[in-house]
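Data first, discussion second: the structure below is written as structure tokens.
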Amino acid sequence: DVKVTQSSRYLVKRTGEKVFLECVQDMDHENMFWYRQDPGLGLRLIYFSYDVKMKEKGDIPEGYSVSREKKERFSLILESASTNQTSMYLCASSSPGYEQFFGPGTRLTVL
Amino acid sequence: AQSVSQHNHHVILSEAASLELGCNYSYGGTVNLFWYVQYPGQHLQLLLKYFSGDPLVKGIKGFEAEFIKSKFSFNLRKPSVQWSDTAEYFCAVNGDNTDKLIFGTGTRLQVFP
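Protein sequences, first through last, are from chains C and W.
Start counting the first sequence at 1; every next residue gets the next number (our numbering).
Start counting the second sequence at 1; every next residue gets the next number (our numbering).
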């Protein structure tokens with residue numbers, strides 16, 4: 001069974017803090033994705049990676065960066081958290097041409 | 001740019017009622033189409049997918065969807081819903097030989113016993 005895990009289910013941070021969200025997949029997938037999910041807006045792609053050290057901006061990359069040093073791990077970084085980054089963050093992985101598998105999500109609150 | 005529209009934002013049904021959730025996309029090329037479901041407190045999971053072939057696709061838990069290319073639609077159907085189908089449903093599409101998905105805004109389904 002494909003497993004995508006995220007480091008925290010809930011996270012509370014203060015404005016201006018640097019925040020790291022970690023995602024690990026165990027199916028040797030080439031692709032990994034970071035989305036944010038907001039009510040009424042669906043899922044919006046922040047960044048994705050199609051190989052180690054490779055990344056591509058999604059639809060809403062501003063205020064975020066990513067790191068993929070190992071195939072199984074994809075990190076989302078908020079350099080200086082702001083209140084408008086309060087959201088549910090979802091990680092996903094896939095093989096090229098196949099469906100994406102999602103993690104349980106991290107609900108981030110920025111105070 | 002590609003986009004996906006789900007016109008039903010919130011649907012309320014009684015058990016045993018039939019369900020149809022609309023999904024329209026804007027892209028003229030070859031597309032792959034997906035429906036994902038998110039049950040309360042659970043992660044997003046694949047309900048069904050269309051890549052090619054028979055435009056009527058059957059998924060898990062009795063769901064099906066029909067790809068109508070001329071209408072740019074991929075509507076989700078179930079003949080008789082159950083209380084356990086209460087969830088949020090997302091339509092998604094990719095094309096342009098990319099693995100990036102474009103999601104609709106989701107439809108919240110509530111089924112009452």
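Positions of the beta carbon are idealized from the N, C-alpha and C atoms, including for glycine.
All values derive from a computational prediction rather than experimental measurement.
Distances from the alpha-carbon of L47/W to those of C91/W, G95/W, S5/W and D54/W put C91/W closest.
Taking a Cβ-Cβ cut-off of 7 angstroms, the neighbours of P96/C in chain W comprise D99, given in sequence order.
Residue E64/W holds the alpha-carbon nearest to the alpha-carbon of D54/W among I60/W, Q82/W and E64/W. By the criterion of a C-beta distance shorter than 8 angstroms, D85/W is surrounded in its chain by L19, K61, K78, L109 and V111, once the five residues flanking it on both sides are discounted. By DSSP's assignment, Q45/W forms a beta bridge with V37/W. Straight through space, the alpha carbons of F33/C and S80/W are spaced by roughly 34 angstroms.
Shown here, G62/W sits in a helix according to DSSP, grouped into three states.
Among the CB atoms of chain W, one or more fall inside 9 angstroms of the CB of E99/C.
Bounds of the beta strand (DSSP E) holding C91/C are S87 to S94. A16/W has its alpha-carbon roughly 33 angstroms from the corresponding atom of R44/C. In the same chain as E72/C, and ignoring 5 residues on each side of it, the C-beta atoms closer than 6 angstroms to its own belong to V24 and Q25, in chain order.
Comparing C-alpha distances from K3/C to each of T106/C, F101/C and G105/C shows the shortest one belongs to F101/C. In the structure shown, the three-state DSSP call for T15/C is coil. Of the candidates L76/W, Y39/W, L44/W and N94/W, L76/W places its Cα closest to the Cα of V57/W. Using a Cβ distance threshold of 9 angstroms, T83/C and L111/C count as a contacting pair.
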